[in-house]
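*Asks:* Residue numbers (our numbering), protein chains in the order written: chain A, 60 to 235; chain B, 12 to 535.
Virtual Cβ for every residue (Gly too), placed ideally from N, Cα, C.
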Amino acid sequence: MAARVVKVVRPAPTTKQWLPILIGLGVASAHFFRNLFGFIRGRQDFTVNFPEQRFVQPPAMRGMPVLVQMANGKERCVACGLCEWACPTSCITIFPAETAAEVERFPEVFDIDMARCMFCGLCEEACPEEAIVMSRQVEISSYSRRGSLWRKQDLLVPEAELKPRLDYLRAQYARK
Amino acid sequence: MKIVKVTVDGRTLEAPEGTPLLQVMLDAGMDIPHYCYHPKLSIEGSCRFCQVRIEGIPKLQISCNTPVRDGMVVKSDDPEVHLVRRGVVELLLLNHPLDCPICDKAGECWLQNYAMRFGNREGHTIDPRRKRGKRLDIGDRMLLDQERCILCRRCVRFCNEVSKTGELHVFELGEHSKLDIYDDQRLDNDYSMNTADICPVGALETKDFHHKIRVWFLQETATVCPTCANGCNAMLSVYKNRIWRMTPRRNDEVNETWLCDWGRLNIGYPTDSGRLRVPIVDGAAATWNQALDRATQALTDFTQQHGAALGAVVSPHLTNEENFRFGELLKALQVKQVAMAVQRWKPDDLLIKAEKAANARGVRELKLVSGADDGLEQLLGAIESGAIKGLYLCGDDLLKVTPPDRLEGIFSKLELLIVQSLTNDPRYAHAKVIFPTTTFAEKEGTFTNHAGRVQRITKALDTPAGWIGDGELFTHLLNAVTASGETYSIANVWDRMSSDGAAFAAVQFDNIGPHGVPLAAAGK
Ligand code: SF4
Ligand code: SF4
Ligand code: SF4
Ligand code: SF4
Ligand code: FES
């Protein structure tokens, strides 16, 4: 295929676009000087001292997807495969299996490759069982590729901890 | 038969008189919803889903039980028809469990599909859903979920009309109806798993596929069942380089829309952990090149030393093309005694044929073997008498058809044994070289079924890097022995196979199509 050069023509910025930039610069400089000379009078912290202090994100925040763990220690997931199918980056791998328990199907393998996950939340939306939800967890870096592969056991989070998100989700879906 | 004309939604369709109207519409590519109608079973008319308006008849009619007659005017796009379809779906969903997330049928379920197309999005009932038996173990290979059953009775008719075993029955009446087996007879016939295919919902499931994998991940490849000489047309469903199931593919000349359970279950061996994956030279694992060199060396040394004292066993599991190339190799090695070993089992008069291999007829058509037992007794006798001192053995059937002590005697007499096998069986301990053989799922080619129909198989599984298939293997050896530069491709083998004046002369590879073609000799 022959290469094609596309010339992008950008219109010159108008006053309408300049103005917000100037306002933004104004705000930033104001903070800068307040911080610089704040030791004299009335400085307040705009940041938390991570990791000792942590900011509690609102429930609408989408961190990494995790699996809901029921009171009996089992996952709520029934390995229906809808999240696996919905995931745009194909980072979920599930192999179902059967048990004699009343809920007869469970994921024998449930892996998420966090190096590929983009926190889009489509898995959560696809799930018919409220079994996979977006947590507030965002610290997922690791020293190896293998470390980015989260297995079922790593992904399980007790239901109680996920309550804010579950309540938030139900409120969202109840809205017509 | 008289051909009649009917008009459906303004289109004129032609069909032999008496064909079910539904079939005529389906053949014309129209999308008429239906559950209980199946082209290979009798007409039941229980689901009421296929109703259409026929001019001159006041009430809607079920199109599956309406034979076409000349001049019929039919409307399927009619407000009342739409109303009926919505009603049927709503009635079925009244008591249907919300099992889709754990139901094997989800993704190819007729109820799901039609409910999405015709159903209301909301239910109108407040009563609890009906409780019925779930996960009932009704046969060695089958499970039944009565809650999911929509009582179309396809499975009942299958057991009455096709397998003729009659295990299934709808008991009780009306609201209480439920599908079940009789107390004293489980659903264990040789064709039981077909009921899961024809069940439009997930009420009948095979244990083999139960909770295994989502159907939407499966890649389907059209192939031919390798298990017996009938050559039933099938679909292989593959995901992550593993075969998860084999389902029938319709071919009215061979298997209609059925497969036997034994063929269907015989899909594990290509990915079996015990399968031989690397060549074995003198009892130790080796590379393909080492094995090829060793085999060439051994074969040339042997012919120099003993002349034409080499025998060969052809495999009925290899394709026509591979066996043709093997024939060329045998000619180059001046092999006189060629035989074929074929396992047998109990045939029936539906699908199962006596020979437990897909291409025995192909080997005979290629004239590689002759005689009632395909020359096997003669070859074994010649080895025992010492006339034959070397053997090129393709496939493992010889192990299964020869008594163990006789086999041991034969193997111990051989000075040269080269094997192409699925496993590194301890009985091959004498072998100079053991090559891994390639299964039907890993190659292209054709099989000739018992009636002489040539049918294509298609590659569904990937082989490991560096793997050499049977056809290439024979070609490498042929090149090494005759110092020529052949390549193996289906096209160039067929050029010779069909120009040789041999049995395949009338068939062109490109004309084989999805349902195969009979050899000219067959039936003429
Ligand atoms: S959040 Fe998005 S990318 Fe991550 S697992 Fe879910 S669907 Fe996939
Ligand atoms: S969609 Fe939900 S229930 Fe289905 S496999 Fe994913 S997490 Fe499990
Ligand atoms: S039979 Fe169909 S509709 Fe019923 S649970 Fe199974 S997939 Fe869902
Ligand atoms: S089990 Fe399936 S095929 Fe049999 S009657 Fe019920 S829905 Fe029909
Ligand atoms: S298909 Fe016609 S009534 Fe069921």
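1) Between residue 32 of chain B and residue 83 of chain B, is the Cβ-Cβ spacing less than 9 Å?
2) With H, G and I counted as helix, E and B as strand and the rest as coil, what does DSSP make of residue 112 of chain B?
3) Compute the minimum distance between the beta carbon of residue 121 of chain A and the heavy atoms of ligand 1, and state whether it is under 8 Å.
4) Assuming residue 467 of chain B and residue 459 of chain B are in contact, meaning their beta carbons sit under 8 Å apart, how far apart are those beta carbons, in whole angstroms?
5) Could you check where the beta strand (DSSP E) with residue 405 of chain B kicks off and where it finishes?
6) For residue 64 of chain B versus residue 91 of chain B, is the C-beta spacing smaller than 9 Å?
7) What residues in the segment 185 to 212 of chain A have a beta carbon less than 7 Å from any beta carbon of chain B?
8) Does the beta-carbon of residue 169 of chain A, which I'm using as the reference point, lie nearer than 8 Å to any heavy atom of ligand 2?
9) Counting only Cβ-Cβ distances shorter than 8 Å, please list the residues of the segment 196 to 227 of chain B near chain A, keeping chain order.
10) How long is the line joining the alpha carbons of residue 194 of chain B and residue 148 of chain B, rounded to whole angstroms?
11) Can you look up residue 132 of chain B in the DSSP assignment and give me helix, strand or coil?
12) Please classify residue 267 of chain B: does DSSP put it in a helix, a strand, or coil?
13) Along the chain, where does the alpha helix (DSSP H) containing residue 408 of chain B start, and where does it finish?
14) Which residues in the same chain as residue 535 of chain B place their Cβ atom closer than 8 Å to its Cβ, once the five residues preceding and following it in sequence are excluded?
15) Which residues have their C-beta within less than 7 Å of a heavy atom of ligand 5, listed in chain order?
16) Mind checking which residues open and close the beta strand (DSSP E) that includes residue 255 of chain B?
17) Tell me whether residue 250 of chain B sits in a helix, a strand or coil according to DSSP, three-state version.
18) Under DSSP, the beta strand (DSSP E) around residue 27 of chain B begins and ends at which residues?
19) What is the residue span of the alpha helix (DSSP H) that residue 373 of chain B lies within?
20) Roughly how many angstroms lie between the CA atoms of residue 145 of chain A and residue 181 of chain A, to the nearest whole one?
21) Can residue 435 of chain B and residue 373 of chain B be called in contact, C-beta distance under 9 Å?
22) For residue 204 of chain B, which of B:275, B:196, B:145 and B:247 has the nearest alpha-carbon?
23) Going along chain A, which residues have a C-beta under 8 Å from residue 146 of chain B?
24) Where does residue 192 of chain B land, buried or exposed, given buried means 16+ other C-beta within 10 angstroms?
25) Taking 9 Å as the threshold (beta carbon to beta carbon), is residue 154 of chain A in contact with chain B?
26) Span of the beta strand (DSSP E) holding residue 90 of chain B?
27) Taking just the CA atoms, how far does residue 507 of chain B sit from residue 346 of chain B?
28) For a quick check, are the C-beta atoms of residue 214 of chain B and residue 190 of chain B less than 9 Å apart?
29) Tell me which residues share the same chain as residue 386 of chain B and place their Cβ nearer than 8 Å to its Cβ, disregarding the 5 neighbours each side in the sequence.
30) Classify residue 375 of chain B: buried if its beta carbon has 16 or more other beta carbons within 10 angstroms, exposed otherwise.
31) What distance in whole Å lies between the Cβ atoms of residue 305 of chain B and residue 292 of chain B, which are believed to be in contact at a cut-off of 8 Å?
32) Flag residue 213 of chain B as yes when its Cβ comes closer than 8 Å to any non-hydrogen atom of ligand 3, and as no otherwise.
33) Give the interface partners of residue 113 of chain B over in chain A, defined as CB-CB distance under 7 Å, in chain order.
34) When DSSP builds the beta bridges, which residues end up paired with residue 464 of chain B?
35) Report the neighbours of residue 157 of chain A on chain B: residues whose CB is nearer than 8 Å to its CB, in chain order.
*Replies:* Here's the rundown:
1) Yes, Cβ-Cβ distance for residue 32 of chain B and residue 83 of chain B is below 9 Å.
2) Helix at residue 112 of chain B.
3) Yes - ligand 1 has a heavy atom lying nearer than 8 Å to the Cβ of residue 121 of chain A.
4) No, residue 467 of chain B and residue 459 of chain B are not in contact; Cβ-Cβ is about 11 Å, not under 8 Å.
5) Residue range 401 to 405 is occupied by the beta strand (DSSP E) that includes residue 405 of chain B.
6) Result yes, Cβ atoms of residue 64 of chain B and residue 91 of chain B sit closer than 9 Å.
7) If the cut-off is 7 Å between Cβ atoms, the segment 185 to 212 of chain A has 187 and 188 near chain B.
8) Yes - ligand 2 has a heavy atom lying nearer than 8 Å to the Cβ of residue 169 of chain A.
9) Per Cβ criterion, the list reads 221, 222, 223, 224, 225 and 227.
10) Distance between the alpha carbons of residue 194 of chain B and residue 148 of chain B: 12 Å.
11) Residue 132 of chain B: coil per DSSP, three-state reduction.
12) Of the three classes helix, strand and coil, the one that applies to residue 267 of chain B here is strand, per DSSP.
13) Residues 408 to 412.
14) Only weak support exists for where residue 535 of chain B lies, its pLDDT of 39 falling under 50; the value from the coordinates is given anyway. Excluding positions up to five away in sequence, the list is empty.
15) Listed along the chain, these residues meet the criterion: B:33, B:45, B:46, B:47, B:48, B:55, B:56, B:57, B:58, B:59, B:60, B:61, B:73, B:74, B:75, B:76 and B:163.
16) Per DSSP, residue 255 of chain B belongs to the beta strand (DSSP E) from 253 to 259.
17) Look at residue 250 of chain B here: in three-state DSSP terms it is strand.
18) It spans 22 to 27 - the beta strand (DSSP E) in which residue 27 of chain B sits, taken as one unbroken run.
19) Following the DSSP letters along the chain, one finds residue 373 of chain B inside the alpha helix (DSSP H) bounded by residues 371 to 376.
20) Roughly 6 Å between the two C-alpha positions.
21) Result no, Cβ atoms of residue 435 of chain B and residue 373 of chain B do not sit closer than 9 Å.
22) Out of B:275, B:196, B:145 and B:247, B:275 has the C-alpha closest to the C-alpha of residue 204 of chain B.
23) Simply 163.
24) Under this definition residue 192 of chain B is a buried residue.
25) Under the Cβ distance rule, residue 154 of chain A counts among the residues neighbouring chain B, one pair being separated by less than 9 Å.
26) In the DSSP annotation of this structure, residue 90 of chain B is not part of any beta strand (DSSP E); the continuous alpha helix (DSSP H) holding it starts and ends at 90 to 105.
27) So the two alpha carbons sit approximately 20 Å from each other.
28) Contact annotation: residue 214 of chain B and residue 190 of chain B have beta-carbon atoms nearer than 9 Å.
29) These residues qualify, in order along the chain: 348, 349, 350, 351 and 380.
30) Buried is the call here.
31) Their Cβ separation, rounded to whole angstroms, is 5 Å, which keeps residue 292 of chain B and residue 305 of chain B in contact under 8 Å.
32) For ligand 3, at least one heavy atom lies less than 8 Å from the Cβ of residue 213 of chain B.
33) Those are 137, 139, 163 and 164, listed as they occur along chain A.
34) DSSP lists B:529 as partners of residue 464 of chain B.
35) Residues of chain B with a Cβ closer than 8 Å to the Cβ of residue 157 of chain A are, in chain order, 221 and 222.
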